[in-house]
Amino acid sequence: MPLDPAPRVPPEPAAPRPGALLTVTGADRPGVTARLFGALAQGGDGVPPVEVVDVEQVVVHGQLVLGVVVGALPTHEGPVDGTTFLAALGRLADGVARATGVRVEVQAASGRGGRGTPAGRPHHVILLGRPVPPSAVAGAATAIAGVGGNIDAIRRLSDHPVTSLELTVSGAGATELRTALAAVAASTGADIAVEQVGLARRSKRLIVLDVDSTLVRGEVIDELAARAGRAAEVARITAAAMNGELDFAESLRARVATLAGLPVEVLDEVREHLELTPGARTLIRTLQRLGFRCGIVSGGFSQITDPLAASLGLDFAAANTLEVADGRLTGGLEGEIVDRAGKARALARFAAEHGIPLEQTVAVGDGANDLDMLNAAGLGIAFNAKPVVREQAHTALNQPYLDAVLQVLGFTRDEVMDATTPSSSG
Numbered sequence: 008m009p010l011d012p013a014p015r016v017p018p019e020p021a022a023p024r025p026g027a028l029l030t031v032t033g034a035d036r037p038g039v040t041a042r043l044f045g046a047l048a049q050g051g052d053g054v055p056p057v058e059v060v061d062v063e064q065v066v067v068h069g070q071l072v073l074g075v076v077v078g079a080l081p082t083h084e085g086p087v088d089g090t091t092f093l094a095a096l097g098r099l100a101d102g103v104a105r106a107t108g109v110r111v112e113v114q115a116a117s118g119r120g121g122r123g124t125p126a127g128r129p130h131h132v133i134l135l136g137r138p139v140p141p142s143a144v145a146g147a148a149t150a151i152a153g154v155g156g157n158i159d160a161i162r163r164l165s166d167h168p169v170t171s172l173e174l175t176v177s178g179a180g181a182t183e184l185r186t187a188l189a190a191v192a193a194s195t196g197a198d199i200a201v202e203q204v205g206l207a208r209r210s211k212r213l214i215v216l217d218v219d220s221t222l223v224r225g226e227v228i229d230e231l232a233a234r235a236g237r238a239a240e241v242a243r244i245t246a247a248a249m250n251g252e253l254d255f256a257e258s259l260r261a262r263v264a265t266l267a268g269l270p271v272e273v274l275d276e277v278r279e280h281l282e283l284t285p286g287a288r289t290l291i292r293t294l295q296r297l298g299f300r301c302g303i304v305s306g307g308f309s310q311i312t313d314p315l316a317a318s319l320g321l322d323f324a325a326a327n328t329l330e331v332a333d334g335r336l337t338g339g340l341e342g343e344i345v346d347r348a349g350k351a352r353a354l355a356r357f358a359a360e361h362g363i364p365l366e367q368t369v370a371v372g373d374g375a376n377d378l379d380m381l382n383a384a385g386l387g388i389a390f391n392a393k394p395v396v397r398e399q400a401h402t403a404l405n406q407p408y409l410d411a412v413l414q415v416l417g418f419t420r421d422e423v424m425d426a427t428t429p430s431s432s433g
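Taking this note's numbering, the leading residue of the sequence shown gets 8, the next gets one more, and so forth.
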């Protein structure tokens, strides 16, 4: 094979095009963004044609911050000089500022919009609190930087009933972020959740909630035991089971045995006095209007949970069934026990019935018997949970409001209000 007599010379790389960052700040008012981009489109006075490389805008309490990165496009006269480009944009910025009353600053920037994309998928870091203390934001920022992450954006998700802030973080892995931020949460009292950015976060379509100490306040078995005069005994067994010190099925049978002889009417009395956790109705109503399938999975009793599910308009419910004979509780159970493994099976069954992949499900619970369900779901949330549960769940909430789950899912307060406010049309 003959050799090529003329060695190929690689083409010289194109000279980088000059770029600029225009930063607009001031009182927000209609037309500011339109005026700036209109001026960029019109050009003139030495401003060459430009391309928009990046845009970020936020309004905080009526104050506008708008950042626009533009790159100069080549003209028929050849490459654009960077110094000349910045001077022309400076004159354009002065005109926009005079016309709108805002400040417009211009500085040099890469025509490609700054630093390259960091390795790895970006993550959302959600800070929640009543209030969110500055120490939590400072601690989170320090922890993120400490694991090589960068905060690309911050936005407020809600200001009621809890304040929640969402930080978009790039350049750090989920495990490193969760480990570093767990210490910040513990020291500041704020809740901090970490989720990967992407469609999966907003593609959740089914949620299951534990009942006792999650959907409702308190433990139903404790209320029944109090009426049987066995409250102290049952409370000890319940605490040991929720902390993972006892097998749930065995502890459940032991607790139910103390109820033998109670008239069945006691179940109605306890059910009528159930108190929903604050925010429970808002959470369910919002998710239902957003198209979620909603249900409950409980280690409690179907005589309590089935009417509760019906009253809330839930799609499904699973719980244990107390045995009744001659109008009184026998102290036994009927059918399969819904224990730790049974809760996970119920989640999988409900998801399959509705054709929803497990990665698109959410589970919320507080006890050790919820762990299999929390880990099987696409997102498992420990709600005011025991330490062993908080450590093993995907994320934890220690706020007293159940609708804070909506912010972990990425919904803003405005979106919640839109979903819960009846439409005025039709």
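For each residue, glycine too, the CB sits at the ideal point set by N, CA and C. This structure is a prediction, so every number in the text was calculated from the model and none was measured.
Endpoints, alpha helix (DSSP H) assigned at residue i
{"i": "GLN295", "result": "287 to 296"}
{"i": "PHE44", "result": "39 to 49"}
{"i": "GLN406", "result": "That residue, GLN406, is in no alpha helix (DSSP H); it is neither H nor E in DSSP."}
{"i": "LEU269", "result": "No alpha helix (DSSP H) contains LEU269, which DSSP labels as neither H nor E."}
{"i": "GLY180", "result": "Element bounds for GLY180: n/a, residue is neither H nor E."}
{"i": "LEU96", "result": "89 to 107"}
Extent of the continuous beta strand (DSSP E) to which residue i belongs
{"i": "ARG209", "result": "Neither: ARG209 is in no beta strand (DSSP E) and is coded neither H nor E."}
{"i": "GLU58", "result": "57 to 67"}
{"i": "GLU282", "result": "Where GLU282 is concerned, there is no enclosing beta strand (DSSP E), given that its DSSP letter is neither H nor E."}
Three-state secondary structure assigned by DSSP to residue i
{"i": "ILE311", "result": "helix"}
{"i": "GLU173", "result": "strand"}
{"i": "GLY417", "result": "coil"}
{"i": "ALA324", "result": "strand"}
{"i": "LEU188", "result": "helix"}
{"i": "LEU381", "result": "helix"}
{"i": "VAL154", "result": "coil"}
{"i": "ASP159", "result": "strand"}
{"i": "ILE244", "result": "helix"}
{"i": "PRO364", "result": "coil"}
{"i": "PHE255", "result": "helix"}
{"i": "PRO141", "result": "helix"}
{"i": "GLN24", "result": "Note that residue 24 is Arg in the sequence shown here, rather than Gln. Here ARG24 sits in coil by DSSP."}
{"i": "ILE133", "result": "strand"}
{"i": "THR32", "result": "strand"}
{"i": "PHE390", "result": "strand"}
{"i": "THR427", "result": "helix"}
{"i": "LEU80", "result": "coil"}
{"i": "ASP52", "result": "coil"}
{"i": "ARG335", "result": "strand"}
{"i": "ALA115", "result": "strand"}
{"i": "ASP346", "result": "coil"}
{"i": "GLY128", "result": "As written in the sequence, residue 128 is Arg, which differs from the Gly given in the question. Reduced to three states, the DSSP call for ARG128 is coil."}
{"i": "GLU422", "result": "helix"}
{"i": "GLN400", "result": "Correcting the residue identity first, residue 400 is Ala in this sequence and not Gln. Here ALA400 sits in coil by DSSP."}
{"i": "ALA370", "result": "strand"}
{"i": "ASP198", "result": "strand"}
Straight-line gap, residue i to residue j (C-alpha atoms, nearest Å)
{"i": "VAL57", "j": "SER171", "result": "38 angstroms"}
{"i": "ALA389", "j": "LEU404", "result": "6 angstroms"}
{"i": "ARG6", "j": "GLY385", "result": "The chain is shown only over 8 to 433; residue 6 falls outside these bounds and no answer can be derived."}
{"i": "SER210", "j": "GLU366", "result": "9 angstroms"}
{"i": "ALA116", "j": "PRO25", "result": "7 angstroms"}
{"i": "ARG420", "j": "GLY298", "result": "18 angstroms"}
{"i": "ASN391", "j": "LEU294", "result": "21 angstroms"}
{"i": "GLY339", "j": "ALA256", "result": "12 angstroms"}
{"i": "ARG42", "j": "VAL113", "result": "16 angstroms"}
{"i": "PHE418", "j": "LEU47", "result": "34 angstroms"}
{"i": "LEU80", "j": "ARG397", "result": "53 angstroms"}
{"i": "VAL31", "j": "THR90", "result": "21 angstroms"}
{"i": "LEU228", "j": "LEU213", "result": "Here the sequence assigns Ile to residue 228, which means Leu is not the residue at that position. Cα-Cα distance, rounded: 27 angstroms."}
{"i": "GLY372", "j": "GLY153", "result": "31 angstroms"}
{"i": "LEU164", "j": "LEU281", "result": "31 angstroms"}
{"i": "GLY108", "j": "GLY33", "result": "8 angstroms"}
{"i": "ARG292", "j": "THR427", "result": "7 angstroms"}
{"i": "GLY118", "j": "GLY74", "result": "With a pLDDT of only 48 at GLY118, under 50, the local geometry of the prediction cannot be trusted, and no value is derived from it."}
{"i": "ARG36", "j": "LEU29", "result": "18 angstroms"}
{"i": "VAL331", "j": "GLU343", "result": "16 angstroms"}
{"i": "LEU96", "j": "VAL76", "result": "12 angstroms"}
{"i": "THR124", "j": "ALA400", "result": "In this prediction, THR124 scores a pLDDT of 47, lower than 50, which makes its location untrustworthy; no coordinate-derived value is stated."}
Original post:
Which runs of the alpha helix (DSSP H) fall wholly inside the region 217 to 242 and span at least 4 residues, in chain order?
Top reply: Restricted to the region 217 to 242, the alpha helix (DSSP H) segments that are unbroken, complete and at least 4 residues in length are 227 to 234, listed in chain order.
Subject >> the region 64 to 72 contacting the region 130 to 138, beta-carbon criterion three pairs below 8 angstroms >> reply: Judged by Cβ distances under 8 angstroms, the region 64 to 72 makes no contact with the region 130 to 138, as fewer than three pairs qualify.
Subject >> the region 230 to 240 touching the region 263 to 271, judged by at least three CB pairs closer than 8 angstroms >> reply: Look at the beta carbons and you see the region 230 to 240 touching the region 263 to 271: at least three pairs across the two are nearer than 8 angstroms.
Subject >> Three CB pairs or more closer than 8 angstroms across the region 162 to 182 and the region 400 to 415 >> reply: The region 162 to 182 vs the region 400 to 415: in contact.
Original post:
Using 8 angstroms as the threshold, is the region 46 to 57 in touch with the region 84 to 97, meaning 3 or more CB pairs across them?
Top reply: Cβ pair count under 8 angstroms is three or more, so yes.
Original post:
So does the region 178 to 195 actually touch the region 140 to 157, counting three or more Cβ pairs closer than 8 angstroms?
Top reply: Yes, since at least three Cβ pairs between the region 178 to 195 and the region 140 to 157 fall closer than 8 angstroms, the two stretches touch.
Original post:
Do three or more CB pairs link the region 269 to 278 to the region 331 to 349 at distances below 8 angstroms?
Top reply: Touching, yes, given that three or more Cβ pairs across the two stretches are closer than 8 angstroms.
Original post:
Using 8 angstroms as the Cβ pair cut-off and three pairs as the minimum, do the region 215 to 226 and the region 301 to 318 touch?
Top reply: In short, these stretches touch, since the Cβ pair count reaches three.
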